[in-house]
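Everything on this sheet refers to the single structure shown next.
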Amino acid sequence: MKLRRLLIYSFPIQFLAVATISFFPDFVTKHYTFGAYQSFAAMLRKLSGLTSFPIGQFVFYALLMLLVVLITREGYAYRKRSKSAKMAIKHAAINAGALLSLVYFALMCVWGLNYFQRSLADKLGYEVKQEYSQSELEQLTDELIDTCNALRTEVQTDEAGVFTTGLSTEELFEQSIQAYQSLPKSYQIFDYHTPSIKAVKIPQLMSFFGVSGIYFPFTGEANVNMDIPEVLLPSTITHEMSHQIGVAEEGEANYLAYVSCINHPEISFQYSGNYLALHYCLRSLYRMDSLSYKIRKQNCHPGIRRDARHLQKYWRSYQNPIEPWTDQFYDFFLKANQQKKGIESYSGVVALIIAHKRRGFRSI
Ligand SMILES: [Zn+2]
Numbered sequence: 604m605k606l607r608r609l610l611i612y613s614f615p616i617q618f619l620a621v622a623t624i625s626f627f628p629d630f631v632t633k634h635y636t637f638g639a640y641q642s643f644a645a646m647l648r649k650l651s652g653l654t655s656f657p658i659g660q661f662v663f664y665a666l667l668m669l670l671v672v673l674i675t676r677e678g679y680a681y682r683k684r685s686k687s688a689k690m691a692i693k694h695a696a697i698n699a700g701a702l703l704s705l706v707y708f709a710l711m712c713v714w715g716l717n718y719f720q721r722s723l724a725d726k727l728g729y730e731v732k733q734e735y736s737q738s739e740l741e742q743l744t745d746e747l748i749d750t751c752n753a754l755r756t757e758v759q760t761d762e763a764g765v766f767t768t769g770l771s772t773e774e775l776f777e778q779s780i781q782a783y784q785s786l787p788k789s790y791q792i793f794d795y796h797t798p799s800i801k802a803v804k805i806p807q808l809m810s811f812f813g814v815s816g817i818y819f820p821f822t823g824e825a826n827v828n829m830d831i832p833e834v835l836l837p838s839t840i841t842h843e844m845s846h847q848i849g850v851a852e853e854g855e856a857n858y859l860a861y862v863s864c865i866n867h868p869e870i871s872f873q874y875s876g877n878y879l880a881l882h883y884c885l886r887s888l889y890r891m892d893s894l895s896y897k898i899r900k901q902n903c904h905p906g907i908r909r910d911a912r913h914l915q916k917y918w919r920s921y922q923n924p925i926e927p928w929t930d931q932f933y934d935f936f937l938k939a940n941q942q943k944k945g946i947e948s949y950s951g952v953v954a955l956i957i958a959h960k961r962r963g964f965r966s967i
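Position one of the sequence shown corresponds to residue 604 (our numbering), numbered consecutively onward.
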């Protein structure tokens, strides 16, 4: 009991320590993201990469089950002995609090400090304006529509006319590693090595929670839900891979997915990367000017609209009362780690691509 109380009391101290570290992004970038993190994350990937079995997924479910067991079983046992519901609840709360404190501590050590590194834009020398203008957004959207329209006529489709990569899971993983090879080696942040990419078991369970991929920091694995519509498979795999090399912010991870895919020789990767960017541009445009959004949506190739409907239909088929809670929890987690926009930070990719274009680079 003493250890459990100690863990709970250490919680505010941990928060305070992390909050203090967050004031030193240069230190975090140099000594953690590009320092200690690279070494132990690569070591974890080397070990977990020995098998194609998604170890992290099972550790994750085991931790969840352990939390439920600690809250319920021991609480019940205590209640039996003390016959006091109040004490039982207190006891269960202590158990859960101690476990959460331990997990938080471990998470901050193996991954969490990456949230406090310098921004990717800063590392790439981009001038990012979060408040980009409507005309800038429309221009980028139009460019992406043109690119996607051209690519869509050349990609493979299934019998329903929906995009397919035509690649097996193993080939997709192999090609995703290739995607990072196309990025310039002059930037340390693009240096991907020691792969450990896994297809999750029972992917439908992940879809139930609205998740397409998870980086599991305790094993260094990029866990991917291979059941999602194929239009997002290459960009999802490369997104999760970016987390492996220390990119924490979700908009930045989407940006790495975008640049690694669009520079890939494989056309299905180019389409997936451009589709991802187009998806976020159209979403942002819808909020700014719904009429402009509608016009641009109509300019998309019928095949692109079919892929979008297929994607929408897929996620709708998994709609359930629990999924919004998962989103809210993740939103809270991101905000607690100074990702001010929470779950909306995925859209940060738009500002990064606009900055990328402003620099006049066709490819980075
Ligand atoms: Zn992510």
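Where is the CB? At the ideal position from N, CA and C, for every residue including glycine.
*Consider the C-beta atom of GLU833 and the heavy atoms of ligand 1; say whether any pair is separated by less than 7 Å.*
no
_Is GLU853 a contact residue of ligand 1, with contact defined as CB to any heavy atom under 7 Å?_
yes
_N-terminal and C-terminal residue of the alpha helix (DSSP H) that VAL706 is part of_ = 688–713
*Return yes when the Cβ of ASN826 is within less than 8 Å of the Cβ of ILE817, no when it is not.*
yes
_From the DSSP secondary-structure annotation, give me the bridge partner or partners of ALA802._
VAL827
*Name, in chain order, the residues that DSSP records as bridge partners for THR767.*
GLN759
_DSSP state of GLY585 mapped onto helix, strand, coil_ = Lying outside 604 to 967, the shown extent of the chain, residue 585 is not represented and no answer is given.
*Verify whether the separation of the beta carbon atoms of LEU881 and ILE748 is less than 8 Å.*
yes
*Leaving out five residues before and five after SER779 in sequence, what residues of the same chain have Cβ atoms less than 7 Å from its Cβ?*
ILE800, PRO837, ILE840, THR841 and MET844
*Confirm the yes/no value for this check: CB of ALA695, any heavy atom of ligand 1, distance under 7 Å.*
no
*Any chance the CB of HIS882 is under 7 Å from a heavy atom of ligand 1?*
no
*Which whole-angstrom value is the C-beta distance of GLN720 and VAL631, which I expect to be below 8 Å?*
5 Å
*Use the C-beta contact count for GLU869: other C-beta atoms within 10 angstroms, 16 or more gives buried, fewer gives exposed.*
buried
_Exposure of THR623, with buried meaning 16 or more beta-carbon neighbours within 10 Å_ = exposed
*Under the DSSP definition of a beta bridge, which residues are partnered with ILE817?*
ASN826
_Beta-carbon spacing of VAL731, ALA954 below 8 Å_ = yes
*Would you kindly check if the distance between the Cβ of SER625 and the Cβ of GLN941 is under 8 Å?*
yes
*Between SER648 and LEU786, what straight-line distance do the alpha-carbon atoms span, to the nearest angstrom?*
Sequence check: residue 648 is Arg here, not Ser. Distance between the alpha carbons of ARG648 and LEU786: 21 Å.
*asked:* Given the structure, does ALA856 come close to ligand 1, in the sense that its CB is under 7 Å from one of the ligand's heavy atoms?
replied: yes
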